[in-house]
Amino acid sequence: MEAIDINKTITDCIRKEILLFLKKSAESGNVIDQYRFGHYLRNSFYDDDDVCLGMFGYKYINSEIDGGKGADYWLRKAALAGNVDAQYELGVMYYEGSVKDPVPESWTDLDIFVFDDGIPTFKYNEAIFWLSKVANQGNAYALKALGDCYLQFNSLSLGAAYIDGEKDEKKAFSYYQKAFEEKCDEALLGLGYCYEVGAGVQKNLEKAYELYSLAHKKGIDEATIKVAYFLLEGIGVQKQHDNAVSLLQRFMKSHTENDLERLKNYWPNYVNIIC
0 MEAIDINKTI TDCIRKEILL FLKKSAESGN VIDQYRFGHY LRNSFYDDDD
50 VCLGMFGYKY INSEIDGGKG ADYWLRKAAL AGNVDAQYEL GVMYYEGSVK
100 DPVPESWTDL DIFVFDDGIP TFKYNEAIFW LSKVANQGNA YALKALGDCY
150 LQFNSLSLGA AYIDGEKDEK KAFSYYQKAF EEKCDEALLG LGYCYEVGAG
200 VQKNLEKAYE LYSLAHKKGI DEATIKVAYF LLEGIGVQKQ HDNAVSLLQR
250 FMKSHTENDL ERLKNYWPNY VNIIC
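Counting in numbering that gives the first Met the number 0, the sequence shown tops out at residue 274, every number present.
Here's what the structure looks like:
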């Protein structure tokens with residue numbers, strides 16, 4: 000007979016009660032709990048151990064559960080009511096392509112558009128709308144996310160059926176700069192990329208390496224991959240094969256297979272160096 004994990008059972012019961020309370024409070028019009036409930040539904044998508052979400056349709060973050068009231072539904076209600084956290088998170092969902100709003104009728108007859116099969120649509124205009132509300136209040140992470148939106152800096156969008164949004168590399172670079180000035184270390188990654196490819200600024204590989212190195216020292220994994228690649232290939236810096244290999248070995252020892260797979264998806268052009 001399989002042993003019962005008492006602590007996990009108690010934890011699941013507590014989480015279930017909290018979830019039911021949040022749902023009831025959200026339905027009654029409590030804006031803060033509308034955000035909290037939407038946040039829970041969205042983030043539970045990434046939690047394989049969350050058995051409580053099964054009550055609402057396990058692993059659904061979009062409006063496909065509970066009569067169309069998924070994470071995006073509750074976050075939108077709270078965002079419309081002025082909740083800043085909800086505005087930010089809803090903007091991020093649009094950036095990630097995880098909000099399945101109706102798409103323009105002109106796309107419905109195209110063979111490449113497989114919306115019902117789950118191919119994401121990336122609505123950067125919607126993301127920019129919500130993130131701008133937060134960025135205007137000085138939120139550094141919203142500024143950085145706006146840079147991503149204007150650069151359409153999302154590797155997943157390469158296979159998207161539909162992308163809605165203005166690509167503006169100069170705006171992207173400007174937002175990354177503002178975000179970094181507001182102490183958002185993650186913006187270093189975007190700035191480094193802009194200098195690497197010449198997006199919104201003159202191409203400067205030495206500057207790109209400098210920024211990636213700084214981001215690496217701040218503990219940003221994606222930047223570590225870039226630094227290793229630059230060292231291996233001698234991009235913006237003298238070739239340092241041994242240092243690159245040593246860096247990668249330390250990196251791989253401290254990360255799980257899931258971490259490595261995520262990074263491979265993030266930097267598809269550099270997949271071979273972390274295999």
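No residue lacks a Cβ here, since even glycine has one placed at the ideal position from N, Cα and C.
| Check | Outcome |
| --- | --- |
| Can you tell me which of the three DSSP states F179 falls into? | helix |
| Given that a residue counts as buried once 16 or more other Cβ atoms are within 10 Å of its Cβ, and exposed if not, what is Q151? | buried |
| Give a yes or no on whether the C-beta atoms belonging to A207 and G189 are separated by under 7 Å. | no |
| For I17, which of helix, strand or coil comes out of DSSP? | helix |
| Could I get the ranges of all uninterrupted beta strand (DSSP E) runs contained in the stretch 118-152, with 3 residues as the minimum, in chain order? | 120-122 |
| Can you check whether the CB of C183 is closer than 7 Å to the CB of Y94? | no |
| Below 7 Å CB to CB, which residues in the same chain sit around G137 once its five sequence neighbours on both sides are set aside? | E181 |
| Cutting at 7 Å between CB atoms, please list the residues of its own chain near Y57, excluding the five before and the five after it. | With a pLDDT of only 39 at Y57, under 50, the local geometry of the prediction cannot be trusted, and the value read off the model is given with reservation. Closer than 7 Å at Cβ, skipping near neighbours: no residue. |
| Do you know whose CA, among A80, I127, Y72, lies nearest G90's CA? | I127 |
| Take the Cβ of S212 as the centre, count every other Cβ of all protein chains shown within 10 Å, and call the residue buried at 16 or more, exposed below. | buried |
| Check the DSSP bridge columns for D163 and list the partner residues they point to. | K122 |
| In whole angstroms, what separates the C-alpha of Y228 from that of S24? | 50 Å |
| Once you ignore the five residues that flank D167 on each side, which residues in its own chain have a CB closer than 6 Å to its CB? | Y149 |
| Helix, strand or coil: how does DSSP classify T223 here? | helix |
| What does the Cβ neighbour count give for T223, buried or exposed, with the cut at 16 atoms within 10 Å? | buried |
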